[in-house]
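The structure appears below as structure tokens.
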Amino acid sequence: MVAHPRNAELRNRITIVRIVRLSLVVVGQEPEIRAYQVRMEMVEKKFVVTPWEVSGIVDYERLIREFGTQPISGGLAKRLESSLGDTAYLVRREIFFSHRDLNLVLDDYEKGKGFFLYTGRGPSGPMHIGHILQFYFTKWLQDKFHVNVYIQMTDDEKFLEEKRNLSYEETQKWAADNILEVAAVGFDPDKTFILQDTEFVGHAYPLILKIARRVNYSTAKSVFGFTGETNIGFSFYPAIQILPSLFEKKRCLIPSAIDQDPYWRIQRDIAESLGYHKAAAVHSKFMPPLTGMQDKMSSSKPETAIYLNDDEKTVRNKIYRHAFSGGQSSIEEHRKLGGNPDVDVPFQWLYMFFEPDDKRIEEIRAEYRSGRMLTGQMKDVLVEKVTGFLREHRERREKARDHVHLYKKDGALAREMWKHDFAKS
Ligand code: TRP
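Per the numbering used here, residue 82 is the first one in the sequence shown, and the count goes up by one each step.
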């Protein structure tokens with residue numbers, strides 16, 4: 082048996098247990114029942130966020146405090162929103178809700194120093210709606226700021242992650258598949274480099290070594306929870322995920338879900354000593370699975386997610402059958418009491434990505450809450466939006482087939498990266 086790091090005690094592992102109602106429970110007479118009830122309480126309030134596991138109902142404010150990041154709010158939020166213009170809704174609605182040094186990135190931009198973007202994907206299976214959000218957001222940033230984007234495809238990471246049990250061939254297949262999905266997003270082919278780790282990291286080995294020599298084992302262990310059973314490839318891997326943040330001497334801004342933040346924490350400890358900037362980051366929340374507000378979408382449970390290659394019929398079926406509704410149990414009740422958009426997954430998906438129009442989303446919220454809009458109608462709206470989005474994404478994906486070589490090898494930025502002498506970094 083090989084234990085996975087997720088089983089270990091992690092410094093960054095956020096396991097929050099509130100036992101506020103403990104005193105109520107103690108009233109029970111049977112000791113066994115008491116214990117059982119206490120456990121139920123604990124399970125209910127617990128959530129976990131690590132690079133390998135997200136479960137429970139995530140308390141994002143708590144995460145900001147525990148990770149030591151900053152909320153994107155006030156003047157800073159306004160600044161980013163005004164740069165993003167029509168695509169600012171993800172910031173306004175706090176889907177991207179937390180950051181490190183975003184203010185410095187915007188300062189650098191205004192002073193003409195510029196910055197660059199870095200994001201990535203672990204190709205462990207087909208990509209779903211939750212995965213693609215960060216790539217669209219990154220593209221919108223590229224469109225507005227005209228900056229370079231580096232996208233890391235971590236086929237090495239997914240091969241090493243033992244619990245996934247992927248063969249090397251499978252990781253290669255998913256890398257090719259996922260690269261096409263990312264290419265469909267429409268990044269600028271001359272300002273975007275997609276690096277597939279197993280192909281590129283050899284070329285960058287000198288810089289990877291410089292990173293690796295600065296991260297000692299006890300830091301890696303406490304940040305990632307490595308144990309004696311962790312394979313040595315996995316304990317080296319953080320050096321690889323840090324690499325792209327040092328591709329330029331400008332400041333690097335990393336859009337990603339908040340579970341990746343532990344890597345950036347290490348990067349920020351070592352970057353300046355290597356002559357680079359500390360990475361800046363903007364962190365997103367997780368889109369809830371179709372089946373309810375807990376946990377995140379899972380590739381191993383197809384009913385929880387909508388994949389980018391699901392056809393229209395599958396999308397309809399998944400939404401009508403599996404989407405968790407905040408509606409009442411009968412139409413009469415619903416008309417009388419109204420629905421609850423806070424737990425209604427179709428509403429949450431519209432809010433988090435699919436309905437950019439603020440006026441429209443607030444109308445939908447109000448209609449639903451008042452009971453005028455029914456659960457089925459809410460689902461109709463989502464089906465319409467998702468199928469429309471996927472149709473366009475699919476068309477772009479077909480066109481993107483001819484662009485993949487530009488992102489990986491032949492575009493202006495890709496050529497520069499393959500020529501770059503990393504021994505001199
Ligand atoms: N580790 C990430 C994953 O499992 C992939 C990744 C690599 C990444 N570099 C990144 C994600 C930078 C966000 C930003 O999906």
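Think of the CB as a built atom: it goes at the ideal place given N, C-alpha and C, for glycine as much as any other residue.
Other residues of its chain near residue i: CB distance less than 6 Å, five sequence neighbours each side excluded
| i | result |
| --- | --- |
| Y513 | The shown model of the chain, from 82 to 506, leaves out residue 513, and the question about it has no answer. |
| D342 | F148 |
| E436 | I442 |
| I292 | A320 and I323 |
| M433 | I176 and M368 |
| N259 | R202, P204 and M208 |
| L187 | R160 |
Residue burial classification, residue i (beta-carbon count within 10 angstroms, cutoff 16)
| i | result |
| --- | --- |
| Y488 | buried |
| I339 | buried |
| H227 | exposed |
| L290 | exposed |
| Y286 | exposed |
| S411 | exposed |
| E191 | exposed |
| K220 | buried |
| R143 | exposed |
| S337 | buried |
| S316 | buried |
| E242 | buried |
DSSP state of residue i mapped onto helix, strand, coil
| i | result |
| --- | --- |
| Q409 | coil |
| Y231 | strand |
| T138 | The displayed chain sequence assigns Ile, not Thr, to residue 138. Of the three classes helix, strand and coil, the one that applies to I138 here is coil, per DSSP. |
| T385 | helix |
| S30 | Summary: the structure shown does not reach residue 30, with the chain confined to residues 82 through 506, and so no result is reported for it. |
| F148 | helix |
| Q375 | coil |
| P336 | strand |
| R102 | Low confidence applies to R102: its pLDDT is 33, below 50, so where it sits in the model is not reliable enough to give any reading. |
| H484 | coil |
| L494 | helix |
| S164 | helix |
| I275 | strand |
| T468 | helix |
| V129 | strand |
| Y61 | Outside the shown range of the chain (82 to 506) lies residue 61, about which nothing can therefore be said. |
| S205 | coil |
Rounded straight-line distance, which links the Cα of residue j to that of residue i
| i | j | result |
| --- | --- | --- |
| I335 | N312 | 27 Å |
| T395 | L471 | 12 Å |
| K331 | F197 | 7 Å |
| F405 | W430 | 11 Å |
| V296 | I351 | 8 Å |
| I210 | Q458 | 21 Å |
| H486 | Q409 | 51 Å |
| A301 | D236 | 21 Å |
| D423 | P132 | 26 Å |
| T468 | S380 | 20 Å |
| E134 | Y199 | 22 Å |
| G492 | F240 | 28 Å |
Own chain partners of residue i with C-beta closer than 8 Å, once the 5 adjacent residues on each side are dropped
| i | result |
| --- | --- |
| L288 | L324, L327, F503 and S506 |
| E384 | L371, T372, K399, R402 and H403 |
| A481 | L261, A264, A265 and G267 |
| V139 | F128, V130, K366 and F367 |
| V464 | V396, R397, I400 and Y401 |
Neighbourhood of residue i by C-beta distance below 7 Å, restricted to the same chain and skipping five residues each side
| i | result |
| --- | --- |
| P152 | I145, F178 and S179 |
| L185 | R332 and A361 |
Legend entry - the segment 383 to 390 / the segment 171 to 179 touching (three or more Cβ pairs under 8 Å): no
Inset, instruction - Indicate whether the contact test is met: 3 or more Cβ pairs, each with one atom in the segment 229 to 244 and one in the segment 256 to 274, closer than 8 Å. - result: yes
Legend entry - the segment 410 to 426 touching the segment 444 to 461, judged by at least three CB pairs closer than 8 Å: yes
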